[in-house]
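Participant:
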Amino acid sequence: MRFSRLRRARAALAALAVPLLLAGPFTPPAQAQSGTVLRVALVQEIDHLNPFTASFASSTMVGRMAWEFLTLPSAEDATPTGGVAEKWESSPDKLTWTFTIRDGMTWSDGKPVTAKDAAFTFNRILTDPKAAEANGSYVENFEKVTAPDERTLVIKTKQPQASMTALDVPIVPEHIWSGISDMTDPKTDSVDVVGVGSGPFLISEYRPNEIVRLTANPDYWRGAPEVDELQFVKFENADAAVAALRNGEVDFVNRLTKAQFDSLKGVEGIETNQASGRRYRELLMNPGAKNIDGQPIGDGHPALRDVRVRKAVAKAIDPRVLVDKVLGGYGELPGGLVPPIYADFHYQPPQDAKYTFDPAAANRELDAAGYRRGPDGIRVSPDRRPLEFRLTARSSEDFGLRASEYIAGWLGDIGIKVTKNLVSDNEVDETTSSGHYDLALSGWGTNPDPDYILAKQTCASLPASSGSSSSNAFFCDATYDDLYAKQAAEMDRAKRAEYVKQAQARYYDQAPSYVLTYENVLEAYRSDAFTGFVRQPEGEGQIMEQTGYWGFYGARPVAGGADDGGGLPAGAWVAIGAGVLLVVAGGGTALARRRSSADDRE
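Letter by letter, the sequence shown follows residues -32 to -1, 1 to 570 in mature numbering (1 follows the signal peptide of the UniProt record, and there is no 0).
1) In three-state terms, what does DSSP make of R70?
2) Please report the straight-line C-alpha distance between A471 and K463, rounded to a whole angstrom.
3) Can you give the Cα-Cα distance for A271 and L355, rounded to whole angstroms?
4) Rounded to the nearest angstrom, what separates G535 and V8 at their Cα positions?
5) With DSSP as the reference, label P270 as helix, strand or coil.
6) State buried or exposed for K126, treating a residue as buried only when at least 16 other CB atoms are found within 10 Å of its CB.
7) If you draw a straight line from the C-alpha of G104 to the C-alpha of G380, how long is it?
8) Rounded to the nearest angstrom, what separates W56 and R461 at their Cα positions?
9) Assuming contact is defined by CB atoms lying nearer than 7 Å, are V483 and Q510 in contact in what I supplied?
10) Hey, how far is the Cα of S27 from the Cα of H16?
11) Which residue from I14, P19 and M29 puts its Cα closest to that of Y517?
12) What does DSSP give as the partner residue(s) for Y310 in the beta ladder?
13) Indicate whether M151 and T21 have their beta-carbon atoms separated by less than 7 Å.
14) Beta carbon of M459, beta carbon of A211: below 7 Å?
15) Would you call S76 buried or exposed, if buried means 16 or more other Cβ atoms sit within 10 Å of its Cβ?
16) What do you reckon, are the CB atoms on E250 and S401 nearer than 7 Å?
17) Are the Cβ atoms of E487 and G299 separated by less than 7 Å?
18) If you compare alpha carbons, which of R524, L359 and E365 is closest to W378?
19) Where does M253 sit, in a helix, a strand or coil, going by DSSP?
20) Is there at least one non-hydrogen atom of the ligand FMN closer than 6 Å to the beta-carbon of V483?
21) Is the beta carbon of D85 less than 7 Å from the beta carbon of I139?
22) At 4 residues or longer, and completely inside the segment 10 to 71: list those alpha helix (DSSP H) runs for me, N to C.
23) Between the segment 496 to 505 and the segment 32 to 48, do three or more beta carbon pairs fall short of 8 Å?
24) Could you check which residue in F200, L170, N205 and K388 has the C-alpha nearest to that of Y188?
25) Are the CB atoms of A479 and R278 nearer to each other than 7 Å?
26) CA-CA distance, P287 and V162?
27) Please determine if the segment 232 to 245 and the segment 332 to 339 are in contact, where contact requires at least 3 C-beta pairs separated by less than 8 Å.
28) So the candidates are V11, A53 and Y339; which of them puts its Cα closest to the Cα of D207?
29) Could you tell me the distance, in whole angstroms, from the CA atom of D157 to the CA atom of V164?
30) State buried or exposed for G539, treating a residue as buried only when at least 16 other CB atoms are found within 10 Å of its CB.
31) For the segment 270 to 347, list the alpha helix (DSSP H) runs that are entirely contained and at least 4 residues long, ordered along the chain.
32) Can you tell me whether P154 is buried or exposed? The criterion is at least 16 other CB atoms within 10 Å of its CB, across all chains shown.
33) Please identify the residue among G368, D61 and D344 whose C-alpha is closest to the C-alpha of V396.
34) Helix, strand or coil: how does DSSP classify V201 here?
35) Determine the closest residue to G303 out of V137, T324, V289 and D292, with distance taken between C-alpha atoms.
36) Which of the three DSSP states, helix, strand or coil, is assigned to D150?
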């Protein structure tokens, strides 16, 4: 196995000799001196490694490997299990929570993990708006966080908070982060800062748009991983990543299209995994972006402030076609913001409230609202402004490219002209977070506890200024906020689930965005090199983008299968993206000139 992989690597390098020279010199990242290296293809960008500001799915996934949480969702069924805290209890009035910090746990620099580290983490988020960018919603209800001694953390809340055992906040070392005055300082993404951790893996190298290297933490409290090194290698797109997987140059790939996934079924040495996902795809419809002070920001089309227009757009779209044609059947039809995988909190609208594909109804709604067709067939608002919407989508992904075609056609049929704005992933994030869009294709990952995704729709999540938003869709609605507050304070799970569904129903009715699909997870790995990948939930769930670190922490090399750092160096794949096209043996295409990318927030 090792010989064949090295032989393929040398052949590939020989074929690449001229392109690499054309692309300019590069220095491949140093290989592990010994032991096994698990290489994971990454087709999304890292926005930050700084856990206070990281929001993309790829970034939070790396953070989960490097820093332990107070508690985290279990691999078995996503119920809370211990992390930094080994036990916890609430007061009878549910306003005070006491966490007992795990005895003997250490940071990777040898210093002990204490309650003071946890208190520092939460207090920094509470007092520093920049530090609250990613996880501020978790602490909005906190009144006071203290550490009376090294093993006791006390959190007092203003109101009962049902999500206290689901705080998806990495606990960081105070002795490292207390010296950081500005959370937007680029050094907060440097290994000098993010390299001190407590998780199963430790960040040891970071090259933006190229690679994140993590090494096994020998002192991890659950026990050191059986994989010595974990690499997240950036690829331009999934085609290039699949080609590398076929050639044995990476060991794991996710976010596959139907064609890619199906092509890997039955391939010797490769195992595929399909699972219900925790992500949804949505169409954002700018409802009139505002900041936290109620001042308009961005340049969204004013017609979309009219809920009747947003509802007409939803009725003009056929999610069944998107599931069948774009996702190839690997998806589920939409409902609320919480996907069906979390059945207790999932909202499925009743038939009389559901947006069904009905262009005639959409046309009637626009007619009744006064949006008449002009001589060219394009509707105009009562103030005579044409309904011409920009549709922003990622140029680097299959879903954005194909779904935008369908949506433009459907809206054209009801008299709305759509101009596709296919841009880099970073540009999608920049334009949507600043309100400079009309329609946009977006996506979010949800957690087992619904509080996080629901909080992003509240008035409190509106940005202080343009571009700093933690809001998902610039939604601000008093009825929704009231329902959100009720679910957040309800400790009875069944009663809370009803409030969660009511909040989703209100959001669905107001349509600041429209959930299009819930994607299945499609991933594949080299089963001739690694085994033991843990799925969440156990046995049938996904491996890579979990709400935990179980998937890769459980991985172990197959005897005689996984190499010790041989094969085509990960850096070679990345360097090619600097300027040349790579055609890879095994049916792939590859890495064209690298575009700046970013994606899916989580």
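We put the CB at the ideal spot given by N, CA and C, even for glycine.
Facilitator: According to the structure data:
1) Your numbering for residue 70 matches position 102 in the sequence shown. R70: coil per DSSP, three-state reduction.
2) Translated into the one-based positions of the sequence shown, residue 471 becomes position 503. Translated into the one-based positions of the sequence shown, residue 463 becomes position 495. About 13 Å.
3) Numbered from 1 along the sequence shown, position 303 holds the residue referred to as residue 271. Numbered from 1 along the sequence shown, position 387 holds the residue referred to as residue 355. Those two C-alpha atoms are separated by around 7 Å.
4) Mapped onto the sequence shown, residue 535 falls at position 567. Mapped onto the sequence shown, residue 8 falls at position 40. Per-residue confidence for G535 stands at a pLDDT of 37, beneath the threshold of 50, marking its modelled position as unreliable; no derived number is given.
5) To locate residue 270, count along the sequence shown from 1; it is residue 302. In the structure shown, P270 falls within a helical segment according to DSSP collapsed to helix, strand and coil.
6) Taking the first residue of the sequence shown as position 1, residue 126 is located at position 158. Answer is exposed; the Cβ neighbour count stays below 16.
7) Residue numbering aside, residue 104 sits at position 136 when the sequence shown is read from its first letter. Residue numbering aside, residue 380 sits at position 412 when the sequence shown is read from its first letter. Looking at the two C-alpha atoms, the distance is approximately 40 Å.
8) Against the sequence shown, residue 56 aligns to sequence position 88. Against the sequence shown, residue 461 aligns to sequence position 493. Their backbone Cα atoms lie some 18 Å apart in a straight line.
9) Mapped onto the sequence shown, residue 483 falls at position 515. Mapped onto the sequence shown, residue 510 falls at position 542. The answer is no: Cβ separation not under 7 Å.
10) Here residue 27 refers to the residue found at position 59 of the sequence shown. Here residue 16 refers to the residue found at position 48 of the sequence shown. Approximately 6 Å between the Cα atoms of the pair.
11) For the purposes of this step, residue 517 is taken as residue 549 along the sequence shown, with counting starting at 1. It is M29 whose Cα lies nearest to the Cα of Y517.
12) As a position in the sequence shown, residue 310 is number 342, starting the count at 1. Paired residue(s): none; Y310 is not in a bridge.
13) Here residue 151 refers to the residue found at position 183 when the sequence shown is read from its first residue. Here residue 21 refers to the residue found at position 53 when the sequence shown is read from its first residue. Yes. Within cutoff.
14) Position 491 of the sequence shown, counted from the start, is the residue given in the question as residue 459. Position 243 of the sequence shown, counted from the start, is the residue given in the question as residue 211. Going by C-beta atoms, M459 is not nearer than 7 Å to A211.
15) Indexing the sequence shown from 1 puts residue 76 at position 108. Classified as buried, S76 has 16 or more neighbouring CB atoms from the shown chains inside 10 Å of its CB.
16) Looking up residue 250 in the sequence shown gives position 282. Looking up residue 401 in the sequence shown gives position 433. Contact flag unset, no.
17) Against the sequence shown, residue 487 aligns to sequence position 519. Against the sequence shown, residue 299 aligns to sequence position 331. Between E487 and G299, the gap from beta carbon to beta carbon is short of 7 Å.
18) Counting from 1 along the sequence shown, the entry for residue 378 is found at position 410. Selected option, being the one with the closest Cα: L359.
19) Within the sequence shown, numbered from 1, the residue matching residue 253 stands at position 285. DSSP places M253 in strand when its eight states are reduced to three.
20) For the structure depicted, the ligand FMN is absent and the ligand set is empty, with no information on it obtainable.
21) For this step, residue 85 is matched to residue 117 along the sequence shown. For this step, residue 139 is matched to residue 171 along the sequence shown. A contact, by the Cβ cut-off of 7 Å.
22) 25 to 34
23) yes
24) Within the sequence shown, residue 188 is the residue found at index 220, counting from 1. The candidate whose alpha carbon is nearest that of Y188 is L170.
25) Along the sequence shown, one-based indexing puts residue 479 at 511. Along the sequence shown, one-based indexing puts residue 278 at 310. Cβ atoms of A479 and R278: closer than 7 Å.
26) On the sequence shown, position 319 is the one that residue 287 refers to. On the sequence shown, position 194 is the one that residue 162 refers to. If you take the alpha carbons of P287 and V162, they lie about 41 Å apart.
27) no
28) On the sequence shown, position 239 is the one that residue 207 refers to. When only C-alpha atoms are compared, the closest one is V11.
29) The residue labelled residue 157 in the question sits at position 189 within the sequence shown. The residue labelled residue 164 in the question sits at position 196 within the sequence shown. When rounded, the distance between both Cα atoms is 12 Å.
30) Residue mapping note: residue 539 aligns to position 571 of the sequence shown, counting from 1. Bear in mind that the predicted position of G539 carries a pLDDT of just 38, short of 50, making it unreliable; the figure below should be weighed with that in mind. Answer is buried; the Cβ neighbour count reaches 16.
31) Qualifying alpha helix (DSSP H) stretches, in chain order: 275 to 283 and 327 to 336.
32) By 1-based counting over the sequence shown, the position of residue 154 is 186. Classification of P154: exposed, given that the 10 Å Cβ count is below 16.
33) Sequence index remark: in the sequence shown, residue 396 carries index 428 (1-based). V396 has its Cα closest to that of G368, out of G368, D61 and D344.
34) Position 233 of the sequence shown, counting from 1, holds the residue named residue 201. Looking at V201 - three-state DSSP - the assignment turns out to be strand.
35) As a working mapping, residue 303 is identified with position 335 in the sequence shown. Relative to G303, the option among V137, T324, V289 and D292 whose CA is nearest is T324.
36) As a working note, residue 150 is residue 182 in the sequence shown. DSSP places D150 in coil when its eight states are reduced to three.
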